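Presented below is the structure to which this report refers.
2 protein chains.
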Amino acid sequence: MTQDTPAADTTRDRVLSTSASLFCRYGYAGVSMRKIAQCCDMKAGSLYYHFASKDQILVEVLNLGIEKVHAAVAAVLRVDASPADRLRGAIAAHLHALLEYSSFTSANVRIFRQVPVPVRDSTLEVRRGYEALWDGFLGELKAGGHLRDDVDIRSFRLMLIGALNATLEWFDPELGDVSELADRYADMLANGIFAERGT
Amino acid sequence: MTQDTPAADTTRDRVLSTSASLFCRYGYAGVSMRKIAQCCDMKAGSLYYHFASKDQILVEVLNLGIEKVHAAVAAVLRVDASPADRLRGAIAAHLHALLEYSSFTSANVRIFRQVPVPVRDSTLEVRRGYEALWDGFLGELKAGGHLRDDVDIRSFRLMLIGALNATLEWFDPELGDVSELADRYADMLANGIFAERGT
DNA sequence: GTCTATATCTGGATAGAC
DNA sequence: GTCTATCCAGATATAGAC
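The listed protein sequences correspond, in order, to chains Y and R.
Numbering of the first sequence is given in this note's numbering, commencing with residue 1 and proceeding in unit increments.
Numbering of the second sequence is given in this note's numbering, commencing with residue 1 and proceeding in unit increments.
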């Protein structure tokens, strides 16, 4: 059904990829079937051969977004490395997927809260899986004594993913280096910004 | 023109406040003049007595959003306190404005990137003023030797504001305490999450 | 200051030719 | 698998009564 090929080699894939970019830029309601079709060099009616409705396109875009970033981060976390390097690597993987590789991932971040509730609900399971991936990793770090005792894992994960996703609002991968960005974020988050640790 | 009164005491203010909530929830294109009017117990045609167009409502909503959070944070930063307390206070002020007081602020965060470019451009100046407020404060901290030398102020400001704005996606002020949230965030950002500081 | 009525356009979705 | 043509609901905005 959904393929792993990065580019869009079927019409169906091309429609999904195009829709993701448009949703990301204009929001859910700001994208019409006519516009999607136009960007795929098709007519609107033809889309309904591949998809039953606009919302079906939406659901697939949202799920693919999480699945792609999940796969990227999971691959990095499977590699054995120091806690600092694993955190750096996982952050870098998330940022690359968000900013460079996947319009699905960025679309998910931008429009998730404004899609119809039934659509949102049908993507919650995939979302929870990604959260669990991070919580598992951070739990390991804590169990290994690498995190401060008073750091709450869920709070940190929410702050981290929030900070990473927000780069979408200002970072341009044409102008900056995503890996450098990841290193800077990882350093600030791991070590803090204050010269002296205190209360 | 724009008043400081928290609630909406004129019809014009009520329209703006209602529009902000709707924009925040449904996105720019997802809100119609009919819907705004309906939520204000009016008919769509009546809105045009107060505003020339939907985009004019939008511009005012966006600018009010930044102005409100700017005022809240600036007020806190005027108070003399320790670096840690000032950071905590500024973060708390931003989060309160975002999550509790101002639908304008949350609307701004959610829809800024999807509004028509001319509208976005007409609000850039107000935005820059808020960024300058934070950069000024962080610059003071750095000049006073309170920040690590290798922390880049712009990077941190972007990460911080991004992390704070992202709370909109998951935090419910009915269920959690915004001040506690602010304290946790300030602590993690100031001191980091790792047990030992390192590379 | 708000209403009704309307002009004009664009939206999602379907039917049926090819 | 893609097209054209079309239905109908809903969009912004305007005009003019009250």
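Beta carbons are placed, not taken as given, at the ideal position from N, Cα and C, and that holds for glycine.
Note that this is a predicted model, so its numbers are computed, not measured.
Report the option in the options whose CA atom is closest to the CA atom of residue i.
{"i": "L62(Y)", "options": "S17(Y), A163(Y) and A84(Y)", "result": "S17(Y)"}
{"i": "S103(R)", "options": "I193(R), Q38(R) and L58(R)", "result": "L58(R)"}
{"i": "E131(Y)", "options": "R120(Y), L147(Y), P83(Y) and H70(Y)", "result": "H70(Y)"}
{"i": "V178(R)", "options": "N191(R), V76(R) and I91(R)", "result": "I91(R)"}
{"i": "I66(Y)", "options": "L95(Y), A84(Y), R88(Y) and S82(Y)", "result": "L95(Y)"}
{"i": "D149(Y)", "options": "C39(R), H146(R), K142(R) and I193(R)", "result": "I193(R)"}
{"i": "A81(R)", "options": "R197(R), A195(R) and E140(R)", "result": "E140(R)"}
{"i": "G129(R)", "options": "D9(R), A52(R), K68(R) and A29(R)", "result": "K68(R)"}
{"i": "A127(R)", "options": "A37(R), L181(R) and I161(R)", "result": "Here residue 127(R) is Arg; the residue named in the question, Ala, does not match the sequence. The option with the nearest alpha carbon to R127(R) is I161(R)."}
{"i": "L147(Y)", "options": "R12(Y), A107(Y) and N191(Y)", "result": "N191(Y)"}
{"i": "A201(Y)", "options": "D152(Y), A72(Y) and A107(Y)", "result": "The structure shown does not extend to residue 201(Y), since chain Y is modelled only from 1 to 199, so the question has no answer here."}
{"i": "A143(Y)", "options": "P83(Y), V15(Y) and A29(Y)", "result": "P83(Y)"}
{"i": "E180(Y)", "options": "D187(R), S155(R), A74(R) and S106(R)", "result": "S155(R)"}
{"i": "V31(R)", "options": "D9(R), R78(R), V115(R) and I153(R)", "result": "V115(R)"}
{"i": "I151(Y)", "options": "D187(R), D85(R), K35(R) and R78(R)", "result": "The sequence given here places Val at residue 151(Y); Ile does not occur at that position. Here the closest residue by C-alpha is D187(R)."}
{"i": "G145(R)", "options": "T10(Y), Q56(Y), E196(Y) and V117(Y)", "result": "E196(Y)"}
{"i": "Q56(R)", "options": "G198(R), G176(R) and P118(R)", "result": "P118(R)"}
Please go through the same chain and pick out, in chain order, the residues whose beta-carbon is closer than 7 Å to the beta-carbon of residue i, but skip the five residues on each side of it.
{"i": "M33(Y)", "result": "A44, L47 and K54"}
{"i": "V76(R)", "result": "G89, A90 and A93"}
{"i": "E60(R)", "result": "L16"}
{"i": "C39(Y)", "result": "T18 and L22"}
{"i": "A182(Y)", "result": "R88, I91, A92 and L95"}
{"i": "I153(R)", "result": "D135, L138, G139 and K142"}
{"i": "K35(Y)", "result": "L22"}
{"i": "A74(R)", "result": "L133"}
Using a Cβ-Cβ cut-off of 8 Å (strictly less than) and excluding sequence neighbours within five positions of residue i, which residues of its own chain qualify?
{"i": "A163(Y)", "result": "Y185 and L189"}
{"i": "R157(Y)", "result": "E131, W134, D135 and L138"}
{"i": "S106(Y)", "result": "A20, C24, G65, L98, L99 and L168"}
{"i": "P221(R)", "result": "Residue coverage of chain R in this structure runs from 1 to 199, which leaves residue 221(R) outside it and unanswerable."}
{"i": "A29(R)", "result": "Q114"}
{"i": "V79(Y)", "result": "R86 and G89"}
{"i": "G198(Y)", "result": "none"}
{"i": "A52(R)", "result": "none"}
So if DSSP puts residue i in a beta bridge, which residue, or which two residues, is it bridged to?
{"i": "F23(Y)", "result": "For F23(Y), which the question treats as bridged, DSSP gives no partner whatsoever."}
{"i": "L64(R)", "result": "Partner(s): none; L64(R) has no beta bridge."}
{"i": "F194(Y)", "result": "L147(R)"}
Would you mind reading off the limits of the alpha helix (DSSP H) that contains residue i?
{"i": "V109(R)", "result": "S103 to I111"}
{"i": "P83(R)", "result": "P83 to H96"}
{"i": "I153(Y)", "result": "I153 to A166"}
{"i": "R78(R)", "result": "Where R78(R) is concerned, there is no enclosing alpha helix (DSSP H), given that its DSSP letter is neither H nor E."}
{"i": "Y48(Y)", "result": "A44 to H50"}
{"i": "D121(Y)", "result": "V117 to D121"}
{"i": "A37(R)", "result": "M33 to C39"}
Hey, is residue i close to the ligand PLP, as in C-beta under 8 Å from one of its heavy atoms?
{"i": "Q114(Y)", "result": "You won't find the ligand PLP in this model; it holds no ligand whatsoever."}
Can you list, in chain order, the residues of its chain with a C-beta nearer than 6 Å to that of residue i? Leave out the 5 residues immediately preceding and following it.
{"i": "M159(Y)", "result": "none"}
{"i": "R12(R)", "result": "H50"}
{"i": "A37(Y)", "result": "K43, A44 and L47"}
{"i": "L175(Y)", "result": "none"}
(request) Flag this pair as touching only if the stretch 10 to 24 of chain Y and the stretch 97 to 114 of chain Y have three or more C-beta atom pairs under 8 Å; answer yes or no. (result) yes
(message) Can you confirm whether the stretch 115 to 123 of chain R touches the stretch 165 to 176 of chain Y when touching is taken to mean that 3 or more C-beta pairs between the two stretches lie within less than 8 Å?
(response) no
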